[in-house]
Amino acid sequence: MKPYRTGWSRMQEDIGSSTAGALQSPSPRSGSGRSGHDREFIVLALICLLALLIRLAYVLTLQPRLFWFDGEHYSRLATGLLEHGSYLNDRGRPSAYWPPGYPLFMAAVYAFFGVNIVAVRVAQCLLGAATVAVVHRIARRVLDRNGAWLAALATALYPLFIYSAGADMPVTLQIALIAGGVLLTLVAV
């Protein structure tokens, strides 16, 4: 019977001994590995900051009102959750027509900042910038370093992702949750 192997040991065997050493953390004595890691972190932080600033620049030019029919419903559901602790539609009945994820997200923002759509949009900007880092980590696991940088930049600059930060819709939250789920799956395998 084979002994139990951890995910890390299986990955080392699959990749081969010649490249497995490159995946391990550098020893504290080799200063070059640590500075490279620090440089990579700084560049990723700058790309995330760029993503945040672009999204904020767009979002702060929008009027502070709900633009979409769906956004009005999500906001009403969020305020209902905060005020009454219930998830009711416009007729005062429980409903599964509107998924609860985005109203819960809005309710969390409303709990801290009051019923303020600008605060929700700023939170979506932060979530979009964090998604850039998650996409970079995903790409770093399946692509080379250059591919990971390209994925991070594409996520930071993709016009639809920038637009969705200002939309009163669950798109930014969905993208972040999907990316997080993919990363967790890759880590678990």
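Each residue of the sequence shown is one higher than the one before, starting from 79 at the first, in our numbering.
We treat Cβ as the ideally placed atom computed from N, Cα and C, and that holds for glycine.
(message) To the nearest angstrom, how far is the alpha carbon of Gln127 from that of Glu118?
(response) Walking along the sequence shown from the start, residue 127 turns up at place 49. Walking along the sequence shown from the start, residue 118 turns up at place 40. The identity of residue 127 in the sequence shown is Leu, whereas the question assumes Gln. Between Leu127 and Glu118, the C-alpha separation is close to 14 angstroms.
(request) Give the straight-line distance between the Cα atoms of Ala189 and Pro142, rounded to the nearest whole angstrom. (result) If you number the sequence shown from 1, residue 189 lands on position 111. If you number the sequence shown from 1, residue 142 lands on position 64. Cα-Cα distance, rounded: 18 angstroms.
(request) Could you tell me which residues DSSP pairs with Leu166 in its beta bridges? (result) Indexing the sequence shown from 1 puts residue 166 at position 88. Leu166 has Pro172 as its beta-bridge partners, per DSSP.
(request) Starting from the C-beta of Arg215, find all residues in its chain whose C-beta is less than 6 angstroms away, skip the five residues before and the five after it, and write them out in chain order. (result) As a position in the sequence shown, residue 215 is number 137, starting the count at 1. Excluding positions up to five away in sequence, the list reads Leu261.
(request) Report yes if the CB atom of Ala266 is closer than 8 angstroms to the CB atom of Val212, and no otherwise. (result) Locating residue 266 in the sequence shown gives position 188, where the first residue counts as 1. Locating residue 212 in the sequence shown gives position 134, where the first residue counts as 1. No; because the gap between Cβ atoms is not below 8 angstroms, this pair is not in contact.
(message) Measuring only the C-alpha atoms, how far is Leu187 from Val198?
(response) In the sequence shown, the residue the question calls residue 187 occupies position 109. In the sequence shown, the residue the question calls residue 198 occupies position 120. Per the sequence shown, the amino acid found at residue 187 is Val instead of Leu. Roughly 6 angstroms separates the two Cα atoms.
(message) So, for Tyr136: in the same chain, excluding its five sequence neighbours on each side, which residues have a beta-carbon less than 6 angstroms away from its beta-carbon?
(response) Taking the sequence shown and counting its residues from 1, the one referred to as residue 136 is at position 58. Cβ neighbours of Tyr136 beyond the five flanking positions: Ile240 and Gly244.
(message) Classify Ser113: buried if its beta carbon has 16 or more other beta carbons within 10 angstroms, exposed otherwise.
(response) As a working mapping, residue 113 is identified with position 35 in the sequence shown. Burial call: exposed.
(message) Below 8 angstroms on the Cβ atoms is my contact criterion, and I expect Met247 with Trp176 to pass it. Report the Cβ-Cβ distance as a whole number of Å.
(response) Position 169 of the sequence shown, counted from the first residue, corresponds to residue 247. Position 98 of the sequence shown, counted from the first residue, corresponds to residue 176. Between Trp176 and Met247 the Cβ distance is about 11 angstroms, and since that is not below 8 angstroms, they are no contact.
(request) Please state if the CB of Thr233 and the CB of Leu205 are separated by a distance shorter than 8 angstroms. (result) As a first step, residue 205 is located in the sequence shown; it is residue number 127 there, counting from the start. As a first step, residue 233 is located in the sequence shown; it is residue number 155 there, counting from the start. No, Cβ-Cβ distance for Leu205 and Thr233 is not below 8 angstroms.
(message) Alpha carbons only, please: which of Leu182, Ser153 and Ala185 is nearest the one belonging to Asp168?
(response) The sequence position of residue 168 within the sequence shown is 90, counting from 1. Comparing Cα positions, the closest option is Ser153.
(request) Pull up the CB-CB distance for Leu138 and Ala230, whole angstroms please, since I reckon it's below 8 angstroms. (result) The sequence position of residue 138 within the sequence shown is 60, counting from 1. The sequence position of residue 230 within the sequence shown is 152, counting from 1. Not confirmed; about 23 angstroms, so no contact.
(request) State the Cα-Cα distance for the pair Leu235 and Gly163, rounded to the nearest angstrom. (result) If you number the sequence shown from 1, residue 235 lands on position 157. If you number the sequence shown from 1, residue 163 lands on position 85. Taking the straight line from one Cα to the other gives about 38 angstroms.
(request) Return the CA-CA distance between Ile120 and Val200, expressed in angstroms with no decimal places. (result) The residue given as residue 120 occupies position 42 in the sequence shown. The residue given as residue 200 occupies position 122 in the sequence shown. Looking at the two C-alpha atoms, the distance is approximately 23 angstroms.
(message) Going by DSSP, what residue range makes up the alpha helix (DSSP H) through Met247?
(response) Taking the first residue of the sequence shown as 1, we reach residue 247 at position 169. Counting along the chain, Met247 falls outside any alpha helix (DSSP H), and DSSP gives it neither H nor E.
(message) To test your reading of the DSSP string, which unbroken alpha helix (DSSP H) runs of 4 or more residues are found completely within the segment 185 to 232?
(response) Uninterrupted alpha helix (DSSP H) stretches at least 4 residues long and entirely within the segment 185 to 232 occur at 195 to 220, given in chain order.
(request) Could you give the DSSP three-state label for Arg117: helix, strand or coil? (result) In the sequence shown, the residue the question calls residue 117 occupies position 39. Reduced to three states, the DSSP call for Arg117 is helix.
(message) Can you check which of these residues, Leu255, Gly259, Ile253 and Ser242, is closest to Gly149 by C-alpha distance?
(response) For the purposes of this step, residue 149 is taken as residue 71 along the sequence shown, with counting starting at 1. Selected option, being the one with the closest Cα: Ser242.
(request) Report all residues from its chain with a CB closer than 6 angstroms to the CB of Ala226; omit the five preceding and five following residues, and keep chain order. (result) If you number the sequence shown from 1, residue 226 lands on position 148. Counting only Cβ-Cβ distances below 6 angstroms, and skipping sequence neighbours, we find His214, Ala217 and Arg218.
(message) When you compare the CB positions of Cys185 and Ala207, do they come within less than 8 angstroms of one another, or not?
(response) Taking the first residue of the sequence shown as position 1, residue 185 is located at position 107. Taking the first residue of the sequence shown as position 1, residue 207 is located at position 129. Here residue 185 turns out to be Ala, not Cys, going by the sequence shown. Cβ atoms of Ala185 and Ala207: not closer than 8 angstroms.
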